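Read through the structure below, which is laid out as structure tokens, and then see the notes.
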Amino acid sequence: MTVELTEAQRNVRARARAFGEEHIEPVAMSYVESGEWPWDVYERAAEAGLIGLPFEAEYGGQEASLVEQCLVAEEFCRADSSVGIALHGSMTGCFVLSSFGTHEQKRRWLEPVTRGEITTGIGLTEPDTGSALSQLSTTAVRDSAEEASADPREADASRDGDEWVINGEKDWIANGASGDWVATLCRTDPDVDPEKPHRGLSLIVVPTDADGYEAEPRDRLGLDAAEHARISYDDVRVPAENLLGEEGQGFYQTLAWLEHGRVDIAAAHLGMAEGAYDRALAYSKEREQGGRVIGDYQGMRWKLADMRTSCQVAKSQVYHAARLVDAAERDGVDVEESLIEQASIAKLFATEMACDVAEEAVQVFGGKGFARENEVEHFYRDVKAGTIYEGTSEVQRNTIGKVLYDEL
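In full-length UniProt numbering, the protein residues as written are 1 to 408.
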């Protein structure tokens with residue numbers, strides 16, 4: 001299956017690749033070593049029109065397709081796995097806001113993202129339930145602002161005395177500490193149907209400066225320039241109008257996000273694999289052993305040929321899935337394939353492939369690949385997260401299996 005791009009898509013890819021070469025590659029190691037979030041690079045990416053591409057033009061976006069969004073994610077992560085994923089994750093909470101938010105919500109919380117002023121998150125995973133979203137325990141209860149105040153005159157009149165009170169915990173949330181808001185999945189209907197626990201969930205925008213919101217960044221194996229945090233909500237009060245879309249539709253809104261998010265993250269990890277491969281190939285052409293560059297040896301060429309083949313096969317599936325989503329959602333085409341299945345196939349294959357390719361890249365470098373001063377070392381650490389976040393590899397296999405047996 002070939003990956004044919006339109007002229008507009010090739011232009012997006014060229015812009016993203018040029019940005020990666022000029023603004024990401026030269027500074028990436030400094031961010032990896034310091035552990036700082038790459039704000040300067042993020043602001044430059046926004047100035048270059050490479051942040052918020054899929055959003056409506058009214059809010060600073062370019063109404064780009066998922067294919068174009070994937071091309072940017074791929075090229076950013078090809079330039080560097082850690083800085084690339086930080087830039088990629090800056091808009092994590094924006095899809096649900098763009099899809100289900102009101103004009104006022106988008107103007108307030110979406111538009112600043114396209115200007116590179118803020119980052120966002122989406123709060124799904126919990127410490128005790130992991131990827132089992134229907135089992136989450138974070139709650140949001142409607143309450144009166146007047147009840148929360150000893151003096152009713154202190155209640156915010158603009159809220160009409162109506163708020164959500166949120167309690168619970170989330171874990172491994174991208175930008176949970178440094179972001180400005182997190183679209184939080186909560187149980188808003190306490191009467192859980194044991195047969196249908198996914199009902200009664202809602203997405204609510206929670207500003208990270210709200211009273212009772214606490215976030216602690218996680219110390220991780222990789223992705224040093226990015227951020228994931230553990231969040232606690234202790235009687236966090238937000239206005240009722242922070243609800244996204246209709247109450248009780250949060251699970252279905254999340255599924256829609258996953259169709260995009262899993263394809264997008266697959267593209268990012270395809271880029272990581274390509275970045276590791278690029279560095280291994282270049283090294284094989286300059287490293288001498290036994291009086292010859294190591295790329296002259298058949299065993300080395302076979303290794304690199306396998307890496308190249310894996311990347312190309314993954315690329316085909318990633319962009320096949322992206323095109324299907326675009327066809328169904330942008331063009332209104334009745335596609336035969338299951339979108340959630342194709343998204344899961346793309347994420348499963350691309351992320352596991354990236355682990356294999358990054359490991360082989362380290363092997364090409366030998367002892368130097370094990371040293372922190374070489375980029376392939378952190379590429380190797382970074383790719384592992386892809387088999388865990390936004391649904392583990394096991395969850396992807398379960399999803400594919402459910403489609404096969406007509407259970408989803």
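Ideal Cβ placement from N, Cα and C applies to all residues, glycine included.
Bear in mind that the values here come from a model prediction, so they are computed numbers and not experimental data.
- Contact annotation, ASN175 with GLY121: C-beta distance approximately 4 Å; criterion of less than 8 Å satisfied.
- A check of alpha carbon separations from ARG237 across ARG17, VAL205 and LEU244 identifies VAL205 as the nearest.
- DSSP places ASP235 in the uninterrupted beta strand (DSSP E) bounded by 228-239.
- Looking at TRP164, ARG13 and LEU136, the one whose alpha-carbon comes closest to that of ASP171 is LEU136.
- Judged by DSSP secondary structure, TYR380 falls within the alpha helix (DSSP H) whose first and last residues are 375-383.
- The three-state reading of DSSP puts ARG330 in coil, since its state is none of H, G, I, E or B.
- In its chain, beyond the 5 residues on either side, SER81, MET272, GLY275, ALA276, ALA358 and ALA361 have a beta carbon closer than 7 Å to the beta carbon of PHE379.
- The closest CA to that of VAL83, considering only SER316, ALA226, GLU104 and GLY245, is found on ALA226.
- Here ALA64 is buried: its Cβ has 16 or more other Cβ atoms, across all protein chains shown, within 10 Å.
- Within the same chain, ILE265, HIS269, THR351 and ALA354 come within 7 Å of GLY386 by CB-CB distance, once the 5 residues on both sides are set aside.
- Within the model, the alpha-carbon separation for VAL263 versus ASP296 is close to 37 Å.
- Ranked by how close their Cα comes to the Cα of THR102, the residues ALA280, GLU58, MET29 and ARG44 have GLU58 in first place.
- Distances from the CA of ASP211 to each of VAL313, TRP181 and LYS402 were compared; the closest alpha carbon is that of TRP181.
- Following the DSSP letters along the chain, one finds ALA140 in no alpha helix (DSSP H) but inside the beta strand (DSSP E) bounded by residues 139-143.
- THR120: member of the beta strand (DSSP E) spanning 120-123, first to last residue.
- With fewer than 16 neighbouring CB atoms inside 10 Å of its own CB, TRP302 falls in the exposed class.
- Three or more pairs of CB atoms, one per stretch, sit closer than 8 Å, so the segment 316-332 contacts the segment 62-77.
- For the pair SER202 and GLY261, the CB atoms are not nearer than the 7 Å cut-off.
- Shown here, ASP406 sits in coil according to DSSP, grouped into three states, outside any helix or strand.
- Bridge partners of VAL182 according to DSSP: GLY121 and VAL206.
- Counting only residues of its own chain and dropping the five nearest sequence neighbours on each side, ASP224 has a CB closer than 7 Å to the CB of VAL32, GLY35, SER82 and HIS378.
- Shown here, LEU136 sits in coil according to DSSP, grouped into three states, outside any helix or strand.
- DSSP places PRO217 within a strand segment (E or B) once states are collapsed to three.
- C-alpha of GLU288 to C-alpha of ALA14: approximately 33 Å in a straight line.
- Per DSSP, LEU244 has no beta-bridge partner at all.
- Taking C-beta separations shorter than 7 Å and ignoring five residues to either side along the sequence, the partners of LEU50 in its chain run ARG15, ALA16, PHE19 and VAL72, following chain order.
- With 16 or more other Cβ atoms inside 10 Å of its own Cβ, ASP382 counts as buried.
- Collapsing the DSSP output to three states places ARG372 in coil.
- Take the alpha-carbon of ARG107 and the one of GLU7: they are about 31 Å apart.
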